[in-house]
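Here the structure comes first, spelled out in structure tokens, and everything after it is commentary.
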Amino acid sequence: MLTSLLAPKGSRSAKLLVEDMSAGSETTGDGEEEEDEEEFDWQLEQEVYTDRSEEELGTMQKYGFANQRSGVFGRLQEELSDVIDVKNPEETLASERRRARLEAEALAFSSDHYLADLFEDDEINRLVKFTPWWSKLSPSTEQKGESAVSFSDEEKEQLRKFTNRSFLLDKTSRCQAWLSLLDILLAYSYEVRSAEGEHNVESPWTIRKLSGTLCWLETYSCLRDVLVSFGRRVLCYPLYRHFALVALSVCDTAKILQSGKACVLKCLLDIHKVFRENDPAYILNDLYITDYCIWIQRVSSKKMLELASMLQHTLLQKKDLELELDELESAARIVVEEEEQASTESSSSDSSSESEESVAEEQGCSDSKQGGGETCKDSPSEPSSSPSSPIPALSSVALSPSVNRKAGVESSDSQGRRQLIQDLGRQMTEEMRISADSCSSGAGEMLFADE
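Written out as structure tokens, the structure reads:
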């Protein structure tokens, strides 16, 4: 009983096959036994899991930290879809994973969402001005080239729980481990900035969704592949999809690497906590984050600074993402300029028609005064094209740039609106002509009656 109470709530460690229950079993005075909290389904057929042989594991695809895991998802089919996007990771080749990832990103990309964030960027500007915690670090007085990073009691306790082990990695595995670490830190940097430093219920999803390593078990061969993958995923999945956030996340990650191993470790511990408190994202801790927390403490600080320098000097452009962003933005700006020009022309034509009407009205009033007094005062009122008139209001709504940006900003809409403006203009001209004729005829009848 006491042992059960002292056991950590989040413990998921494997239990021993044989245990001595006499040391921990205590019964109450009336001899009642403690019942299980979860009901057991006696009708469900139970199957004993059998470990795969080394030959079978050798034929399976590798994933996890430095590609050292396989066969993990064999017993986790129910949680598989909630953690990763790969359907069958044990039998899917790395090239097939990458091809499937690119296809999924192409389907997920929304030009409407991207253009909306591009033109209506109030929220984006607020996130751009945010200062993350690693930008406020001061240089450490104890270790040269390191920043002064402090760990909380909870983080220190989590470090004590990690087992102390070493990793034997060849050159290829070390390169893949560094690039995957960079991919994870990029996703973490974006999440901190987009949430303005406060984790929320979407944080586990955001981190793993933006990281091709965590979401697709991706392995990278060069730095540019990491940046292209991260940039594409930022513009396809999260709430805020703007290229400026991609660039800022790259700068933030470079700052984290420059701050030293302690700063990187603190970021990894934060990710570990986010995943640990979310089911079933804790599986990603077992596959990646826990091993990274142990491995990063033994790596060379020189290698980390080299990676930060390479990251700063690698240029990522919109055309590298292969989402036709430049063409999309150019077409959208042309449509916006056409609509603004059409709005300006419509306003100038309305003002010129107003001036012509006022001149005609003054001339009619002067003629009526010469012929008989108050004819202009008693004549029917002519239609006015003032700003309160419904026809100009309708044209202004049709020409609203913000509505067009949200609706898709297509050239066909611009042509339809110009046609609508022309029809409305002709309608206004006919109504003005009819009103003018009726006004003149009414004035003639009144003058004839006076005679």
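So our numbering is basically just the index in the sequence shown, starting at one, shifted up by 14. Quick reminder that beta carbons are idealized off the backbone N, C-alpha and C, glycines included.
The Cβ atoms of residue 278 and residue 221 lie no closer than 8 Å to each other. Taken in chain order, the complete alpha helix (DSSP H) segments of 4 residues or longer contained in the region 313–342 are 315–326.
Of the candidates 85, 209, 79, 130, the residue whose Cα lies closest to the Cα of residue 350 is 130. For residue 255, the three-state secondary structure derived from DSSP is coil. A check of alpha carbon separations from residue 149 across 263, 233, 231, 246 identifies 263 as the nearest. Here DSSP, grouped into helix, strand and coil, assigns residue 77 to strand.
Residue 153 sits in a strand when the DSSP states are folded into three classes. Using a C-beta cut-off of 8 Å, the region 300–311 makes no contact with the region 242–253, since fewer than three inter-stretch Cβ pairs fall below that distance.
The three-state secondary structure of residue 161, taken from DSSP, is strand.
Excluding five sequence positions before and after residue 254, the CB atoms of its chain that fall closer than 7 Å to its own CB belong to 131, 137, 138, 141, 208, given in chain order. Cβ atoms of residue 306 and residue 78 stay farther apart than 8 Å, at about 11 Å. The alpha carbon of residue 200 has as its nearest neighbour, out of 181, 183, 225, 180, the alpha carbon of 225. Going by C-alpha positions, residue 300 is about 13 Å away from residue 175. Nearest to residue 265 by C-alpha distance, out of 322, 112, 294, is 322. Under the 10 Å beta carbon count, residue 151 is surrounded by 16 or more other beta carbons and is classified as buried. Within 10 angstroms of the beta-carbon of residue 340 lie fewer than 16 other beta-carbons, which makes it exposed.
In this structure residue 259 touches residue 204 by the C-beta definition: roughly 6 Å separates them, less than 8 Å.
In the structure shown, residue 83 falls within a strand segment according to DSSP collapsed to helix, strand and coil.
The residues 99, in chain order, have a CB closer than 7 Å to that of residue 118 in the same chain once the five nearest residues on each side in sequence are set aside.
Remark: C-beta atoms of residue 133 and residue 249 do not approach each other more closely than 8 Å. Here residue 274 is buried, its C-beta having at least 16 other C-beta atoms within 10 Å.
Looking only at 304, 347, 86, the smallest Cα-Cα distance to residue 178 is reached by 304. For residue 127, the three-state secondary structure derived from DSSP is helix.
If you draw a straight line from the Cα of residue 192 to the Cα of residue 126, it comes to about 35 Å. Cα atoms of residue 171 and residue 116: separation of roughly 40 Å, rounded to the nearest angstrom.
Along the region 140–226, the alpha helix (DSSP H) occurs as fully enclosed runs of 4 or more residues at 167–175, 185–208, 217–224, listed in sequence order. Nearest Cα to residue 252 within the set 197, 218, 169: 218.
Within 10 angstroms of the beta-carbon of residue 75 lie 16 or more other beta-carbons, which makes it buried.
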